[in-house]
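Just below is one structure, and these are the notes that go with it.
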């Protein structure tokens, strides 16, 4: 029983790490694009393309762990939108 619980915890930890990595990558990508004065539309298009690619991975996932990790990653994309982009631009102006 303890082994099953440990396996479930490892699964949950891996899923959480996957979302965290996605968040880190997207933050860096978008912040770099903001610093380079890329127009909002192009940034939002890049976010949409990246999300579609991650969703493709979800459909091709060979097992539940891979599928859950891809799902967690795509859920972070709901956070990336115009409001978040405006906050990035504001932070860049203040810096």
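Numbering (the working numbering), first residue to last: 7 to 101.
For every residue, glycine included, the Cβ atom is placed at its ideal position computed from N, Cα and C.
Helix, strand or coil at residue i [DSSP, three-state]
i	result
residue 100	helix
residue 87	coil
residue 43	coil
residue 69	coil
Contact set for residue i: own chain, Cβ-Cβ below 7 Å, skip 5 residues either direction
i	result
residue 72	none
Candidates the options, of which the one nearest residue i by Cα
i	options	result
residue 57	79, 42, 20 and 11	79
residue 92	14, 19, 15 and 47	47
residue 88	23, 61, 40 and 60	40
Beta-carbon gap between residue i and residue j smaller than 8 Å
i	j	result
residue 49	residue 36	yes
residue 29	residue 90	no
residue 86	residue 53	yes
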